[in-house]
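Undergrad: Per UniProt numbering, the sequence shown starts with residue 1, numbered consecutively. Idealized CB from N, CA, C, for every residue including glycine. Before we start, here is the structure in question, set down as C-alpha cells.
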Amino acid sequence: MPSYVNPLIELQKYVSIPIIPPEEAVFSPTEEEVFHATKIFTSSRVGSEEAVRFVGTYINGAEMPESSLPEVAFLGRSNVGKSSLIRSILGAHPQVRVNISKKPGHTKALNLYCIRHHFTLVDMPGYGFNMPHNFEKSVEAYLCSSRRLCRTFLLVDADVGLTCTDNIALGMMKEAGIPFVIVLTKIDKASRHKVLKNLFAVVEACKQEGGHTCFSQPFLVSSHSGEGLLLLETFIAYVTGCIEIKGQ
1 MPSYVNPLIE LQKYVSIPII PPEEAVFSPT EEEVFHATKI FTSSRVGSEE AVRFVGTYIN
61 GAEMPESSLP EVAFLGRSNV GKSSLIRSIL GAHPQVRVNI SKKPGHTKAL NLYCIRHHFT
121 LVDMPGYGFN MPHNFEKSVE AYLCSSRRLC RTFLLVDADV GLTCTDNIAL GMMKEAGIPF
181 VIVLTKIDKA SRHKVLKNLF AVVEACKQEG GHTCFSQPFL VSSHSGEGLL LLETFIAYVT
241 GCIEIKGQ
C-alpha cells in the first residue's frame, strides 16, 4: 500500500499560523483510500491499450463527442507546467502522447483523454502569453456550458504566484459558478519561503475572490519529483466518483 505526503501539511511545520483556516476541512484521505485511487492511475500506466485513450482535439465543446463520463479540466497560464502535470497523471502511457514544449502556449485547443472509461480529462489552452485567438471560443464556452464537468483545476506557478491573468481566470470561475481548485505547480523549483508566501496568497484569494465555487484547500505538486501527485490523483478520483473518502 503506497504511503504519501501532503506537501501542505509538511509546510505547516514551518509556520505558526494555520495555512488553511481551522473551520475548513482539509482533504486528507487515508493510505488505504489513496491505494484505491492510485489503482485507477497505475492501471492506466501499465494496463491495456484502452486504459488511457486520446479522444481527440476540438476547438469548442460543441464539437466534443457525446459521453456520459464525468470530466475534469486543467487550465492555467502559458508555461505553468500544465502539459508536464498531465503527462505525469497519465503516466507517460505508451499509447498516448502528451506533447511538452518549452514554448509557451503550445496547446491551442481542447485535448481530451479518456481514463479507463472512468472519466475524461480535458487539457485546455493556456492563457496569457501566446494565447490562441480562439481561447474564448474554446475555453470559456466549454467551462460555462459543459454539464459533465466535475471540477476545473486552475494551475498556478509556485515560484511566480498569482498573476493578473490568474486573477481574471479566478474571477471568471466565480462569476460563472464553476467549481474549481487551485494547484500550485513546480514546487521543487521554488524556495520554501516563496512557496509559503504564494500559498498564503492563494488561500486568501480563494476566500476573498473564489466564492463558494473555490475549494478551500490548494494542492501542491511537482511533476519532476512526483511530490503531491498521489494526493492530487486521489482528489481527482474522488470528485469524479471513482472512490469514496470518509468524512469528506
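#1: Give the range of the alpha helix (DSSP H) segment to which residue 114 is assigned.
#2: Leaving out the 5 sequence neighbours to the left and right, which residues in its chain are closer than 7 Å to residue 233 when beta-carbon positions are compared?
#3: Evaluate the contact criterion for the stretch 221-231 versus the stretch 124-140: three or more CB pairs, one atom per stretch, below 8 Å.
#4: I'd like to know whether the C-beta atoms of residue 78 and residue 142 end up nearer to each other than 9 Å.
#5: I'd like to check one pair, residue 64 with residue 55: are the Cβ atoms closer than 9 Å?
#6: Could you say if the stretch 109-118 and the stretch 144-159 meet the contact criterion of at least three C-beta pairs nearer than 8 Å?
#7: Rounded to a whole number of angstroms, what is the C-alpha to C-alpha distance between residue 101 and residue 123?
#8: Under the rule that 16 or more other beta-carbon atoms within 10 Å means buried, what is residue 201, buried or exposed?
#9: Going straight from the alpha carbon of residue 85 to that of residue 71, what length do you get?
#10: Beta-carbon separation of residue 82 and residue 76 under 9 Å?
#11: What does the alpha-carbon distance come out to for the pair residue 60 and residue 119?
#12: I'd like the span of the beta strand (DSSP E) that includes residue 157, first residue to last.
#13: Return the bridge partner residues of residue 127 from the DSSP annotation.
#14: Identify which residue in 18, 24, 16, 4 has its Cα closest to the Cα of residue 35.
#15: Can you look up residue 19 in the DSSP assignment and give me helix, strand or coil?
#16: Mind checking whether residue 221 and residue 183 have CB atoms under 9 Å apart?
#17: Would residue 27 and residue 199 qualify as a contact pair, given that the criterion is a beta-carbon distance under 9 Å?
#18: Rounded to whole angstroms, what is the Cα-Cα separation between residue 11 and residue 218?
#19: How about residue 73 and residue 163: are their beta carbons less than 9 Å apart?
TA: Taking the geometry as given:
#1: Not the alpha helix (DSSP H): residue 114 falls in the beta strand (DSSP E), residues 110-115.
#2: 37, 38, 41, 89
#3: Here the stretch 221-231 does not lie against the stretch 124-140, with fewer than 3 beta-carbon pairs under 8 Å apart.
#4: Taking 9 Å as the Cβ cut-off, residue 78 and residue 142 do not qualify as a contacting pair.
#5: It is a contact, given that the beta carbons lie within the stated cut-off.
#6: Look at the beta carbons and you see the stretch 109-118 not touching the stretch 144-159: under three pairs across the two are nearer than 8 Å.
#7: Low local confidence applies: a pLDDT of 48 at residue 101 is under 50, so the model's placement there is unreliable, and no value is given.
#8: exposed
#9: 17 Å
#10: yes
#11: Distance between the alpha carbons of residue 60 and residue 119: 19 Å.
#12: Under the DSSP assignment, residue 157 falls in the beta strand (DSSP E) whose first and last residues are 149-157.
#13: 77
#14: 4
#15: coil
#16: yes
#17: no
#18: Residue 11 and residue 218: Cα-Cα distance of roughly 13 Å.
#19: no
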